[in-house]
Amino acid sequence: MPPFADATKILEAYYQLHAQPRQLEGEQDATFEVRPTGGGAYCLKITHAAPALVDLQLQMMQRLETAGLPFATPKPILNNEGTHICPLPDGATAYLTTWVPGTLYAKAKLKDAVLRESLGTTLGQLSQALQGFDHPSAHREMRWDNNQLPWVAQHLERFDAAQRPIVEQGLGYFQEYAAPALPHLRHSVNYNDANDYNLMTERDRDGHYRIAGLFDFGDAVHTATINELAVALAYAMMEQPDPAGAAVEVIRGYHQAFPLEEAEVAALPALVWARLLISVTVSTLNQQAAPDRAYLQVSNHAAWALLQRLQGIPYNLLHYHFRHACGWEPCPQATVFQDWIREEQPEFAPVSPIPEQWRQMDLGVGSLELGNNRNFEDEYRFERHIQRIMEEDGVEFGLGGYGEVRPFYTTDAYQVEGNSGPRWRTVHLGLDVWAAAGTPVFAPLDGRVHSFADNAAERDYGPAIILEHTPREGLTFYTLYGHLCRESLTQLEVGMPIQKGQRIATYGAREVNGNWPPHLHFQVLLDTLGNQGDFPGVGFPDEWPVWRSLCPNPELLLNLPEGSTQPKRVQWDGKTIQQKRQAHIGPNLSLSYQQPLHMVRAFRHYLYAADGRRYLDTVNNVPHVGHQHPKVVEAVQQQAAVLNTNTRYLHTELARYAEELTATLPEPLSVVYFVTSGSEANELALRMARTATGRNDILAMDGAYHGHTSATIDISAYKFNGKGGSGQPPRTHLMPLFDQSEQPLEQAKARLEELSQHNIHPAAFISESILSCGGQLVPPPGYFQTVFEAIRSIGGLCIMDEVQTGFGRAGEAFWAFELQGVVPDIVVLGKPMGNGFPIGAVVCTKAVAEAFDTGMEFFSTFGGNPVACAAGRAVLQVIQEEGLQDKARLTGQYLMEQLRQLQQRQDIIAEVRGHGLFLGVELSQNGQPKAREGAYIINRMRAMGVLMSTDGPQHNVLKIKPPLSFGMKEADQLSEQLDTILKEL
Ligand SMILES: Cc1ncc(COP(=O)(O)O)c(C=O)c1O
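Going left to right, the sequence shown walks through residues 1 to 985 as UniProt numbering numbers them.
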């Protein structure tokens with residue numbers, strides 16, 4: 001530290017503050033964090049900057065102090081001489097301000113849309129507050145001023161061969177888009193340094209960070225106002241997989257607080273580049289001058305990485321995204337195009353010989369005619385499926401797909417990393433004309449060949465042509481024709497004139513067109529974005545407004561009325577569905593997640609939302625063998641098409657299923673009663689036990705849930721002791737949860753003893769084999785044996801609720817009660833039984849069945865109908881064929897290991913427990929259940945594309961019970977994602 005700058009002395013002499021100041025790293029000034037013994041927090045600056053520049057900063061801070069801003073800025077403190085500036089020997093000066101509290105933006109553990117939008121809002125409010133502020137020293141030469149970028153050009157030779165073209169590209173953008181515009185843009189004194197180390201954040205109750213304050217006015221300069229935003233964007237876009245998406249969030253916030261002008265936004269991408277170029281140039285110069293000062297390199301690597309990313313994003317596309325953030329028509333040409341096509345209503349030559357009879361093709365993610373994923377996952381099946389759809393309607397042409405959200409592009413191969421987990425380009429940007437290979441293609445209007453290429457990759461366009469059209473002055477646009485035959489390209493030359501109605505190509509067969517069923521992909525482009533013979537045919541759903549503007553609906557070019565190719569299927573959006581639910585569905589049926597999900601499709605262990613996003617399902621145990629398993633779907637479809645009636649007629653399926661199902665259970669469990677749900681099954685089990693024993697009381701586990709009917713609610717402590725519950729009914733007795741006890745077996749015995757002493761002899765003891773609502777609790781060895789013996793010794797029955805745990809999920813055993821070596825008198829089945837088809841069952845011993853047969857008929861209208869039995873049989877068959885019990889065991893062991901490793905690193909994980917694919921991760925610290933953290937985790941996991949939920953009396957157990965198709969790869973995804981989210985806590 002220079003001799004003059006004895007910070008402690010300055011604080012004592014000028015401010016009567018006694019503190020041990022802590023020096024912070026900084027580029028130019030010496031900066032100290034000051035926390036005096038008497039309280040308060042300050043920032044002391046010692047600087048060699050010219051006094052006039054110090055005055056500029058102090059005046060700016062004072063201006064902001066009085067502006068009533070909703071975020072903190074440093075407030076200058078008067079010294080004991082009544083001024084803000086303390087002159088020091090050696091010409092330096094010192095000044096003291098209040099400390100801006102919070103967590104540095106750079107250290108925020110979650111940088112998401114909420115934080116970025118708040119950053120934009122903050123800077124917009126700052127720009128607003130600085131309007132009209134001026135200071136002579138702000139009009140200065142300054143290398144961090146984007147307006148003054150050209151100084152960078154003098155240092156080109158300092159960059160290596162890989163870096164130089166990037167710098168030249170940025171300088172080129174500046175000359176083309178910024179320099180001519182700057183003299184006409186709004187100017188002001190800007191703060192000019194919204195980087196990660198100058199912004200403070202705070203965290204809200206939901207775990208989001210927001211900007212809480214900013215500091216360091218050392219770079220203040222009079223420049224284009226838009227540079228305030230440009231500087232912030234340069235940093236906010238760093239290290240984001242989708243930098244444009246990150247920028248849009250910041251711009252949206254800024255524009256709402258301080259409306260932008262179109263000319264500013266047109267120059268903005270160049271000014272973001274400018275800031276990055278300045279940053280890397282200064283870093284390069286610093287590195288050469290002081291190679292050991294790491295602080296000076298703090299964002300250098302990230303800045304280069306971002307520049308490399310930006311190299312691949314066309315300038316115009318970034319501009320369109322930025323315009324969209326402001327709520328403007330993203331592509332300005334769109335208005336010109338729409339005016340022309342709507343007002344002039346030009347007559348186009350037919351692109352294809354489409355007859356009057358054609359059909360709309362619905363290939364949307366929720367399309368019922370597209371059907372099961374199996375129909376399109378294999379190219380042969382897909383081609384046959386498309387042909388069948390058209391043949392059934394007797395048409396040769398099918399049209400559709402503009403703006404359609406499609407499920408084909410959501411496989412791992414198409415997955416792209418976004419700022420919030422994986423994302424997929426699911427929205428189709430062109431119009432497809434489905435017809436036989438060999439169908440001719442004609443130019444709809446005059447033009448010339450812009451470019452063509454054979455995009456030969458799998459599921460790409462194959463041969464494609466782009467034509468350029470200039471139908472009137474000031475309007476140039478392009479038409480793209482994809483999935484052609486190879487010969488279509490042989491006669492073409494770039495620039496070749498093409499006449500309206502001229503045959504230009506032929507539809508290609510699947511083998512050449514990227515492996516698609518033959519069709520023409522016809523797309524309008526208002527800007528090629530520099531592409532040749534290729535252009536994205538699908539876009540990200542959140543970017544649809546940009547792509548819709550850039551690639552308008554081609555229907556009018558096909559001489560079709562607008563909207564005529566849209567499928568007629570009713571597709572309500574999430575908001576409408578919620579409104580209808582509110583109007584007509586009971587209010588105590590809640591939705592999952594703070595932002596509910598709108599699901600339209602599922603397959604294996606994935607669910608697909610209406611925007612086509614694919615979610616990994618780790619929590620649904622109903623689609624036991626995988627969502628929409630083709631074998632189960634087919635079994636249900638076939639049987640439903642032939643016969644579905646009640647069980648009072650002879651039907652083979654019922655008898656076969658009863659035989660096959662009881663074969664999976666140990667003797668003497670051999671008699672089945674088919675019902676339609678777990679609740680109905682438990683209700684029946686209770687009635688059987690009461691009838692068979694002539695008693696009424698039931699002993700159930702504390703915290704359990706057995707169903708939503710009156711009798712099952714009465715034995716479900718989770719409900720009667722939970723919200724809205726009316727307490728424990730007199731005939732229900734509770735067994736304490738064993739997880740709280742050091743000696744659970746003794747505790748259970750003591751409880752039974754206690755009941756006996758009170759002369760309570762229950763008809764039955766009921767429990768899940770592993771407790772789900774209790775928090776995925778595994779009973780200790782010997783637990784059920786102990787309880788069963790005691791209950792049976794007093795003439796009671798033992799009921800095991802296998803609704804959640806059965807059918808191989810537990811891995812080591814097909815039924816989870818087998819893990820305890822017990823055989824109950826009654827077993828209750830539900831959820832996974834029909835893989836989603838409503839079916840439940842009670843299986844009991846002959847003795848119980850006979851005692852229940854009092855003469856009163858048993859009949860459940862839908863229970864055991866042929867379709868339900870077909871579904872149930874298909875489930876058993878798939879479990880067998882695909883070895884799903886063993887898969888559950890192996891995957892479960894692997895996942896458990898992964899989670900236990902995570903537990904080593906993360907204190908919040910108190911226990912990982914379960915069997916097979918029925919696992920629980922308990923979140924507790926120092927004995928305190930962490931429910932809020934649990935809620936944060938499941939919401940963040942969902943944001944990252946993984947569905948989970950919490951359970952347990954304290955809502956602090958993450959439950960994992962996915963479809964059994966879930967394998968090692970998915971286990972890795974789950975544990976890795978969880979690891980990332982836990983680090984955000
Ligand atoms: C253990 C258990 N038993 C019974 C039921 C009730 O089944 P259903 O909702 O099919 O009536 C459930 C439902 O969650 C359950 O978890």
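All residues carry an ideal CB built from backbone N, CA and C; glycine is no exception.
As the structure is a computational prediction, the values presented were derived from the model and not from experiment.
Can you tell me the Cα-Cα spacing of residue i and residue j, whole angstroms?
| i | j | result |
| --- | --- | --- |
| residue 6 | residue 201 | 31 angstroms |
| residue 689 | residue 737 | 23 angstroms |
| residue 971 | residue 397 | 44 angstroms |
| residue 830 | residue 703 | 20 angstroms |
| residue 886 | residue 610 | 34 angstroms |
| residue 240 | residue 70 | 27 angstroms |
| residue 426 | residue 461 | 16 angstroms |
| residue 668 | residue 844 | 8 angstroms |
| residue 34 | residue 15 | 12 angstroms |
| residue 570 | residue 602 | 19 angstroms |
| residue 342 | residue 561 | 11 angstroms |
| residue 857 | residue 836 | 28 angstroms |
| residue 870 | residue 658 | 11 angstroms |
| residue 394 | residue 862 | 38 angstroms |
| residue 280 | residue 477 | 38 angstroms |
| residue 716 | residue 930 | 24 angstroms |
| residue 627 | residue 409 | 18 angstroms |
| residue 986 | residue 682 | Outside the shown range of the chain (1 to 985) lies residue 986, about which nothing can therefore be said. |
| residue 654 | residue 115 | 58 angstroms |
Taking the beta carbon of residue i as the centre, do at least 16 other beta carbons fall within 10 Å, making it buried, or is it exposed?
| i | result |
| --- | --- |
| residue 380 | exposed |
| residue 846 | exposed |
| residue 888 | buried |
| residue 905 | exposed |
| residue 874 | buried |
| residue 817 | buried |
| residue 588 | exposed |
| residue 424 | buried |
| residue 292 | exposed |
| residue 367 | buried |
| residue 151 | exposed |
For residue i, I'd like the list of residues in its chain whose CB is within less than 6 angstroms of its CB, leaving aside the five on either flank, ordered along the chain.
| i | result |
| --- | --- |
| residue 762 | 697, 698, 699 and 796 |
| residue 936 | 207 |
Let me make sure I understand the geometry here. Which of the options has the alpha-carbon closest to that of residue i?
| i | options | result |
| --- | --- | --- |
| residue 752 | 735, 768 and 743 | 735 |
| residue 878 | 56, 624 and 701 | 624 |
| residue 798 | 405, 786 and 904 | 786 |
| residue 120 | 128, 232 and 197 | 232 |
| residue 458 | 428, 452, 433 and 511 | 511 |
| residue 175 | 757, 793 and 153 | 153 |
| residue 169 | 107, 528 and 314 | 314 |
| residue 54 | 774, 32, 84 and 917 | 84 |
Grab me the residues of residue i's own chain with a C-beta within less than 8 angstroms of its C-beta, minus the 5 sequence neighbours each way, in chain order.
| i | result |
| --- | --- |
| residue 572 | 580 |
| residue 419 | 112, 113, 240, 241, 242, 245 and 246 |
| residue 788 | 765, 798, 822 and 824 |
| residue 389 | 359, 361, 369 and 398 |
Using only the heavy atoms of ligand 3, determine whether one of them is closer than 7 angstroms to the beta carbon of residue i.
| i | result |
| --- | --- |
| residue 590 | Ligands in the displayed structure: ligand 1; ligand 3 is not one of them. |
Tell me whether residue i, by its Cβ, gets closer than 7 angstroms to a heavy atom of ligand 1.
| i | result |
| --- | --- |
| residue 831 | yes |
| residue 806 | no |
| residue 209 | no |
| residue 769 | no |
| residue 801 | yes |
| residue 705 | yes |
| residue 772 | yes |
| residue 620 | no |
| residue 564 | no |
| residue 835 | no |
Tell me which same chain residues have a C-beta within less than 7 angstroms of the C-beta of residue i, skipping the five on either side of it?
| i | result |
| --- | --- |
| residue 979 | 902 |
| residue 924 | 910, 930 and 956 |
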